[in-house]
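Asker: Take this structure, written in structure tokens, and hold onto it; I'll ask about it next.
There are 4 protein chains.
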Amino acid sequence: MLATYPADLGRVDREKLSKCIEECIACAQACTACADACLSEGMPAELAKCIRTNMDCADICNATASVLSRHTGYDANITRTILQACASACKACADECGRHTHMEHCRLCAESCRSCETACNDLLQALG
Amino acid sequence: MLATYPADLGRVDREKLSKCIEECIACAQACTACADACLSEGMPAELAKCIRTNMDCADICNATASVLSRHTGYDANITRTILQACASACKACADECGRHTHMEHCRLCAESCRSCETACNDLLQALG
Amino acid sequence: MLATYPADLGRVDREKLSKCIEECIACAQACTACADACLSEGMPAELAKCIRTNMDCADICNATASVLSRHTGYDANITRTILQACASACKACADECGRHTHMEHCRLCAESCRSCETACNDLLQALG
Amino acid sequence: MLATYPADLGRVDREKLSKCIEECIACAQACTACADACLSEGMPAELAKCIRTNMDCADICNATASVLSRHTGYDANITRTILQACASACKACADECGRHTHMEHCRLCAESCRSCETACNDLLQALG
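Protein chains in written order, with my numbering: chain A, 1 to 128; chain B, 1 to 128; chain C, 1 to 128; chain D, 1 to 128.
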């Protein structure tokens, strides 16, 4: 869709922007599914923090993907601060899921979070 | 992520479920981007209905993707009615964007909505 | 905000519309908080279905509140089907939380869901 | 709902937390309605930036309200960065709507955004 935007996108790095949108969407999906998979494990009490962090990360990744998908009336402060919040949520969730990598859903979710964190930080750097 | 779910998924058609989640996520993204692209066209007054339908469709597709990504404590009534709402929003948005296919963002968004509508209806039928 | 809408709202029952938006917002908030409170109880395994239904209900109520807050380019099919999905999610969540009314968060959440279900059905009837 | 949380809330200022959740929810609702009202004005081209900022602010306020409504497995970094993103989006939206206060929806939305920005900054300060 990025290529169909009718106005000028400005001097943004399109590749990093597009990569970051994709990572946010994939990470939100992984976190929603991981929260649910954790819930269905027999011992959700130990996974309470993991489930909560998954939910926060999904909400913030979804909001970030939406903000990054808009180019009209760009506001650098909104973009920067939501990217920072997203990187921070992804880091926390990758750390938390990273403690339970014996569960395949947590292992995959940690990977997705780490990858999204990197994409957010890359885009932040490219924005200057 | 679907393959990592630790409990029984029940007799759901995994392929149709997985396809429908993917379509909802792709459609939400297309609608969010199309609403923004419409906004940046010089004549958003004519596109007001299109923008609005895009926003509804994005919100409903996102909610549907989240509901479908959860398998714990499955409730058939919630799944069925949100799939019907999603099919209905996708149909409305495909029809509306379908009137402006000379704009590439609307053409692609209409395709994505039509494809998501089909996936919702296929899953509804498979659920019986 | 409803009173500030600059165009014609059509023949919608403003009181029922406004009531329904408020109920959806309050219910989404109650469900998000109840899911988290359930998570912090010592026995989330028994509350897994409750937590999941809370999350679905919160997502669907939020989407419904957004759709109902838009009046431009109104589409009756989208409004009707998302209201049906919302009533269905609220009913399921009220039933589920209604089994754990010894926990104050579930008791309040069940009330909020029941109240939102009624508001959705009232608005559906008023829409004809 | 805050009062029904079964575990320890920690040393958070409950009044400021509760105020901030309420402001985020009210601001998200005001922004969604203002975006739609702007769309229905006869000259949405001039309001394109306002509509876009409204949508960003609504998405970020909703995510922030959800994060703040969860207390289990609290992560200070997530809370702080999403509050900063929310304050930043509210400021941008208050500034933008503040240019169109002759339209009642923008005047009310600007007030709501300013009030939410203050609540986010107050809570940030209380968190230390």
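Beta carbons are placed, not taken as given, at the ideal position from N, Cα and C, and that holds for glycine.
Starting from the beta carbon of I139(A), find every residue of chain B whose beta carbon is closer than 7 Å, and list them in chain order.
Answerer: Shown here, chain A extends from 1 to 128; a query on residue 139(A) therefore has no answer.
Asker: Around the C-beta of L9(D), are 16 or more other C-beta atoms found within 10 angstroms, so that it is buried, or is it exposed?
Answerer: The residue labelled residue 9(D) in the question sits at position 9 within the fourth sequence. Exposed, since its Cβ has fewer than 16 Cβ neighbours within 10 Å.
Asker: Interface residues of chain C around V12(B) at Cβ under 8 Å?
Answerer: Taking the first residue of the second sequence as 1, we reach residue 12(B) at position 12. Ordered by position in chain C, no residue passes the 8 Å Cβ test against V12(B), which lies about 15 Å from the chain.
Asker: Taking Cβ to Cβ, would you say K19(D) is nearer than 8 Å to A119(D)?
Answerer: Here the question's residue 19(D) lines up with position 19 in the fourth sequence. Here the question's residue 119(D) lines up with position 119 in the fourth sequence. Against a cut-off of 8 Å, the Cβ pair of A119(D) and K19(D) comes out as a contact.
Asker: For the 8 Å Cβ check, are there 3 or more pairs between the stretch 80 to 99 of chain C and the stretch 51 to 65 of chain D?
Answerer: no
Asker: When you compare only the Cα positions, how much space is there between G98(D) and L2(C)?
Answerer: Counted from its first residue, the fourth sequence places residue 98(D) at position 98. Counted from its first residue, the third sequence places residue 2(C) at position 2. Approximately 19 Å, taken between the alpha carbons.
Asker: Taking the alpha-carbon of D122(D) as reference, which of L17(D), I25(D), R11(D) has the nearest alpha-carbon?
Answerer: Locating residue 122(D) in the fourth sequence gives position 122, where the first residue counts as 1. Comparing Cα-Cα distances from D122(D) to each of L17(D), I25(D), R11(D), the minimum goes to L17(D).
Asker: Say whether the stretch 61 to 78 of chain A touches the stretch 34 to 50 of chain B, bearing in mind that this needs 3 or more beta-carbon pairs closer than 8 Å, one atom from each stretch.
Answerer: yes
Asker: Where do the ends of the alpha helix (DSSP H) carrying L127(B) lie?
Answerer: Here residue 127(B) refers to the residue found at position 127 when the second sequence is read from its first residue. Residues 104 to 127.
Asker: Count the other CB atoms within 10 Å of the CB of E46(C); is the residue buried (16 or more) or exposed (fewer)?
Answerer: Here residue 46(C) refers to the residue found at position 46 when the third sequence is read from its first residue. Exposed, because fewer than 16 other Cβ atoms sit within 10 Å of the Cβ of E46(C).
Asker: Are C27(A) and C61(A) close, meaning C-beta to C-beta below 8 Å?
Answerer: Numbered from its first residue, the first sequence carries residue 27(A) at position 27. Numbered from its first residue, the first sequence carries residue 61(A) at position 61. Result yes, Cβ atoms of C27(A) and C61(A) sit closer than 8 Å.
Asker: Using a cut-off of 9 Å between C-beta atoms, extract the partners of A92(A) located in chain D.
Answerer: Here residue 92(A) refers to the residue found at position 92 of the first sequence. The contacting residues are D75, N77, I78.
Asker: Using three-state DSSP, classify L9(B) as helix, strand or coil.
Answerer: Position 9 of the second sequence, counted from the first residue, corresponds to residue 9(B). Residue state, collapsed to three classes: coil.
Asker: What does R52(C) touch in chain B if you count any residue whose Cβ is under 7 Å from its own?
Answerer: Counting from one through the third sequence, the residue named residue 52(C) turns up at place 52. Those are R70, T72, G73, listed as they occur along chain B.
Asker: According to DSSP, is R70(C) helix, strand or coil?
Answerer: Taking the first residue of the third sequence as position 1, residue 70(C) is located at position 70. In the structure shown, R70(C) sits in coil (DSSP, three-state: anything other than H, G, I, E or B).
Asker: Mapping DSSP to helix, strand and coil, what is E41(A)?
Answerer: What you label residue 41(A) is simply residue 41 of the first sequence in a count that begins at 1. E41(A) falls in the coil class under three-state DSSP.
Asker: At which residues does the alpha helix (DSSP H) containing L83(D) begin and terminate?
Answerer: Against the fourth sequence, residue 83(D) aligns to sequence position 83. Residues 76 to 97.
Asker: Here's the rule: buried if 16 or more other CB atoms are within 10 angstroms of the residue's CB, otherwise exposed. What is R14(C)?
Answerer: Residue 14(C) sits at position 14 when you count from the first residue of the third sequence. Result: exposed.
Asker: Looking at the structure shown, is M55(B) part of a helix, part of a strand, or coil, going by DSSP?
Answerer: In the second sequence, counting from the first residue as 1, residue 55(B) sits at position 55. Correct three-state label for M55(B): helix.
Asker: Considering only the alpha carbon of each residue, which of S115(B), E96(B), A7(B), C34(B) lies closest to C34(A)?
Answerer: Here the question's residue 34(A) lines up with position 34 in the first sequence. The residue with the shortest Cα to Cα distance from C34(A) is A7(B).
Asker: List, in order along the chain, the chain B residues whose C-beta lies closer than 8 Å to that of K49(C)?
Answerer: In the third sequence, residue 49(C) corresponds to position 49, counting from 1. The answer, in chain order, is T72, G73.
Asker: Could you compute how far the alpha carbon of I21(D) sits from the alpha carbon of H102(B)?
Answerer: On the fourth sequence, residue 21(D) is found 21 positions in, with the first residue counted as 1. On the second sequence, residue 102(B) is found 102 positions in, with the first residue counted as 1. Distance between the alpha carbons of I21(D) and H102(B): 43 Å.
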